[in-house]
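Take a look at the structure below.
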DNA sequence: CTGTTAGCGCGTTCAC
DNA sequence: GTGAACGCGCTAACAG
């Protein structure tokens, strides 16, 4: 912090008036002489006066800073969300400080502590894959710091939440496959305790059920670490008899691996097997054939979450609501 | 900011000692009785005391905050850099506040002003495609706020800089093609006033020259908006006689489009034409054939830039240096 | 070793 | 309308 900065004290001295008068003039208070006010403003302009944010924070007890926890910044989806957040924040004159949890609980906790110690006025968090304990978040709330969870939420924790309707997204993806005539639709899912997995799996199951298609447990394969286990999953799926005619994958990167494998085996997509992913990762537009996928509105999630949080900061005692944003099915060649 | 927070005042009152003694105990000062210190620490622990960062900032005149300007957060390269920055920052107990310029000068300037008004101790900036004026940055420097530029730098502005040796990266990519026996190597470049374009083009030219290959102007095609014009560029290139046997593209997304086009025309990669991209975007591992490309160490750029900036903040009058990080050629199937 | 005093830059009473 | 005085939570200089 530069020490040569002009302060209201300087202005007061130069104008031969008191500090508090300067303060009033600057803050556009009501009971102030027009002339003195203009004089102050003029001098402030000339001297390039800028209020000291830190000092203001100290006395007003508000930092205008919001902390954001992101599992992994390099994820396309989360960086979109972050973009939405920063856009809204700057609109309301808030700043965002963000930390990555890198999907570990330890980093998540230490990040939260750092942000809180920096006096953020609110917290936007998407929990790591390891997180399931709400007690750390309870502590924060007890300090009176509002929390809004986005995307990866903790069901046990009561706060406003912004999520994507993954159930509907998965449901529509599978419905699309059914409409295309698919009858043996496999699903590559993730760990059973991850909400992402559960929601998408349920959407898959719901669509099959609503269209009177039997549910074959052999067609549901767990890829524990998503794309890292997708190859094994697709191999397993392709051994099942009678043969599948579609594979709905938990995310795009898994789907890309599936596409590669099928191609290597001479299995034609979409003619023999249709494939659908989830996320609308940029990659899905580039693979061959291009990948049908479920678009999640990351930017909108970020915008909405930040909007809600700022609301909660400004009017305390906001009701906890859960907002569910809708996905969009992006149909490309892998399911045509 | 919560008002119910425990302060050193509370601790002092409860222990019947003075505020400054508490402060000393907490800060682990030398001249303090072991017993009183332990008593303070114990009570602080019990009451869950946490120092008020804002108050500390005000008196110590340091906010421990660093501002980062990123052209576009969703770019894989920049999000990597950001990750590197946050890692180093947290190691040194600094926080990062970041803003996107979205590649516009207006947003860049307003972001900088915001960050400065928030009393960041230093600035890490990668300029937008529109920026060429150094005067805004001069103003910041005059306030005594150190600036380090990374990746997209302004040559006219004197400060420490961290860049990637794109010339060498391009040179090595083309050299690799030459070693593979290519003799008619085309290049899809970008706008002539963009440093990215210039550096990579020069690397291309240098490699041809050093290997005594003629430079054919017909083989150098400008794709003004990179991938958006890549299709036109490759079409043009494929019309040239004698036919090309390799295409070196300014970035991966352009290269992917080139691959698609060649495939659609029944031209085999790498047998008929070899293709190389730039960036090592995740997409390059997924396309078919997988794409040879030049990896830029984004994470390292971020780490180094943040390290230098923190150094400059801590010891004023640091010499301005330019660090040039090396790229790595990632050889995949498109050039095998 | 400890307490007193004096700020950091600003907002907010309260008299005048 | 304006100024003096105080406080936000903390550090630092100085006595003792």
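Protein chains in written order, with our numbering: chain C, 6 to 341; chain W, 6 to 341.
Glycine is no exception: its CB is placed at the ideal position from the N, C-alpha and C atoms.
Closest by C-alpha distance to residue 121 of chain W, out of W/324, W/72, W/49 and W/12, is W/72.
For residue 184 of chain W, the enclosing alpha helix (DSSP H) starts and ends at 171 to 184.
Residue 67 of chain W and residue 320 of chain W have their C-alpha atoms some 14 Å from each other. For residue 72 of chain C, the pairing in a beta bridge is given by DSSP as C/102 and C/128. The beta carbon of residue 91 of chain C is closer than 6 Å to those of 101 in its chain, skipping five residues each way along the sequence. Rounded to the nearest whole angstrom, the C-alpha separation of residue 311 of chain C and residue 168 of chain C is 13 Å. DSSP, read as helix, strand or coil, puts residue 140 of chain W in helix.
Secondary structure of residue 39 of chain C (DSSP, three-state): helix. At a cut-off of 8 Å between beta carbons, residue 54 of chain C makes no contact with chain W.
Nearest Cα to residue 223 of chain W within the set W/290, W/205, W/194 and W/232: W/194. Taking CB atoms only, residue 266 of chain W has no neighbour in chain C less than 8 Å away. Judged by DSSP secondary structure, residue 330 of chain W falls outside any alpha helix (DSSP H) and instead within the beta strand (DSSP E) spanning 327 to 330. With contacts defined by Cβ atoms closer than 8 Å, residue 153 of chain C and residue 40 of chain C do not form a contacting pair. In the same chain as residue 11 of chain W, and ignoring 5 residues on each side of it, the C-beta atoms closer than 6 Å to its own belong to 52 and 54, in chain order. For residue 110 of chain W, the enclosing alpha helix (DSSP H) has its first and last residue at 110 to 122.
Counting the other Cβ atoms within 10 Å of the Cβ of residue 247 of chain W gives fewer than 16, which makes it exposed. Here residue 330 of chain C is near residue 302 of chain C, since their CB atoms are less than 8 Å apart. Residue 27 of chain W: member of the alpha helix (DSSP H) spanning 24 to 31, first to last residue. Assigned with DSSP and collapsed to three states, residue 80 of chain W falls in coil, not helix or strand. Considering only beta carbons, no part of the region 154 to 183 of chain W lies closer than 7 Å to chain C. Remark: fewer than three beta-carbon pairs, one from each stretch, lie closer than 8 Å, so the region 233 to 244 of chain W and the region 202 to 215 of chain W are not flagged as touching.
For secondary structure counted as the beta strand (DSSP E) over 3 or more consecutive residues, the region 218 to 282 of chain C holds these complete runs in sequence order: 225 to 227, 251 to 254 and 279 to 281.
Taken atom to atom, the span from the alpha-carbon of residue 221 of chain C to that of residue 272 of chain C is near 22 Å. Residues 304, 307 and 308 of the same chain have their beta carbon placed closer than 6 Å to that of residue 89 of chain W, with the five preceding and five following residues left out of the count. Where residue 155 of chain C is concerned, there is no enclosing alpha helix (DSSP H), although the beta strand (DSSP E) around it starts and stops at 152 to 155. Along the region 288 to 313 of chain C, the positions whose C-beta sits under 8 Å from a C-beta of chain W are 288, 291, 292 and 293, read in chain order. Residues of chain W whose Cβ lies closer than 9 Å to the Cβ of residue 49 of chain C do not exist; the shortest such Cβ separation is about 14 Å. Between residue 76 of chain W and residue 131 of chain W, the CB-CB gap stays under 8 Å.
For residue 68 of chain C, at least one C-beta of chain W is nearer than 8 Å to its own C-beta. By the neighbour-count criterion, in which 16 or more other beta carbons inside 10 Å mark a residue as buried, residue 244 of chain W falls on the exposed side. For residue 280 of chain W against residue 252 of chain W, the beta-carbon gap comes to about 5 Å, under 8 Å, which counts as contact. Per the coordinates, the alpha-carbon of residue 18 of chain W lies some 11 Å from the alpha-carbon of residue 48 of chain W. Closest in C-alpha terms to residue 179 of chain C, from the list C/250, C/286 and C/148, comes C/250. Residue 190 of chain W: member of the beta strand (DSSP E) spanning 190 to 194, first to last residue.
Scanning chain C for C-beta atoms nearer than 8 Å to the C-beta of residue 59 of chain W yields 59, 62, 63, 68 and 124, reported in chain order. In the structure shown, the three-state DSSP call for residue 284 of chain W is strand.
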